[in-house]
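In the working numbering, the protein residues as written are -4 to 196.
Structure (C-alpha cells):
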C-alpha cells in the first residue's frame, strides 16, 4: 500500500519547489462523513469520522491548490437494520481552489474540485468482523479513486491564520469490488473544519 500512496503524492510534492512566490499554509482538520455505497438496494447513509492534516498553496489572489491527508470512515448503513459496512481509509484529496473576494477580506468564500485516492485500511461489519469472501480473500479493493467537489469559506481568526470550513461531495470513479455484475461506489457528503497557519514569510 505504501508504494501506491507514494506514487500518488509524488506529482503533488513535485509542485512545491516551483512555488517560490506563493503562500503555503498547513494545519489540522477534522470532520464528519455522511456516506453510503451505491447499488445496494437497502443502503442508507451512515455517519463516520474524518481527521488529519491539510496544506493550501496560494498561487495568486484567486487560485490555489489544496491537499489533505485524512483518516476517513466511509461505508454504508442498511434500512431497518442495525448492520453496517465500515470502510476505513487513508484518503488523499488534491483539489484546485478558486477564492472569491480579495486577500484582505476577513471572509473568503471558495469552490474546489479535484481527484482523490483512498487506501483501504480495513473493512468491518456492524459486529467488528472483517468482511471477506468465503475463500478468505478481501471483498473490497485496497484502492479507491474518485472525484471531490464542494464549497466553503475561510475566516481570518488571527494574523495570517484562517479557520477553514468545507462542505464537499465525493464519489468513487471505480468499482470497490471485483464483482463483474454490480458497480459498487463510495458516495459521501463531507464536512470539515480546519485551522491553517502560514509557513515561511
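Glycine included, C-beta positions come from ideal geometry on N, C-alpha and C.
In three-state DSSP terms, what is residue i?
{"i": "residue 31", "result": "strand"}
{"i": "residue 95", "result": "coil"}
{"i": "residue 125", "result": "strand"}
{"i": "residue 85", "result": "strand"}
{"i": "residue 57", "result": "coil"}
{"i": "residue 51", "result": "strand"}
{"i": "residue 171", "result": "coil"}
{"i": "residue 39", "result": "strand"}
Looking at the unbroken beta strand (DSSP E) that takes in residue i, where does it start and where does it end?
{"i": "residue 150", "result": "138 to 153"}
{"i": "residue 159", "result": "156 to 167"}
{"i": "residue 101", "result": "Counting along the chain, residue 101 falls outside any beta strand (DSSP E), and DSSP gives it neither H nor E."}
{"i": "residue 183", "result": "181 to 194"}
Compare the Cα-Cα distances from residue i to each of the options and report the closest residue.
{"i": "residue 46", "options": "135, 37 and 63", "result": "63"}
{"i": "residue 145", "options": "88, 118 and 78", "result": "88"}
Which residues in the same chain as residue i place their Cβ atom closer than 7 Å to its Cβ, once the five residues preceding and following it in sequence are excluded?
{"i": "residue 172", "result": "134, 135, 136 and 179"}
{"i": "residue 86", "result": "65, 67, 111 and 113"}
{"i": "residue 116", "result": "83, 84 and 85"}
{"i": "residue 189", "result": "22, 23, 24, 49 and 159"}
Let me check you understand the geometry: is the CB of residue i closer than 7 Å to at least one non-hydrogen atom of the ligand MN?
{"i": "residue 188", "result": "As far as ligands go, the structure on display features none, and thus does not contain the ligand MN."}
To which residues of the same chain is residue i closer than 8 Å at the C-beta, ignoring the five residues directly before and after it?
{"i": "residue 56", "result": "94, 97 and 98"}
Can you list, in chain order, the residues of its chain with a C-beta nearer than 6 Å to that of residue i? Leave out the 5 residues immediately preceding and following it.
{"i": "residue 118", "result": "82, 126 and 135"}
Touch test, the region 25 to 41 against the region 117 to 128, Cβ-Cβ under 8 Å, three pairs minimum | no
Examine the Cβ distances between the region 147 to 165 and the region 180 to 191 and report whether three or more of them are shorter than 8 Å.
-> yes
Tell me, please, whether the region 66 to 85 touches the region 100 to 109 by the rule of three or more beta-carbon pairs shorter than 8 Å.
-> no
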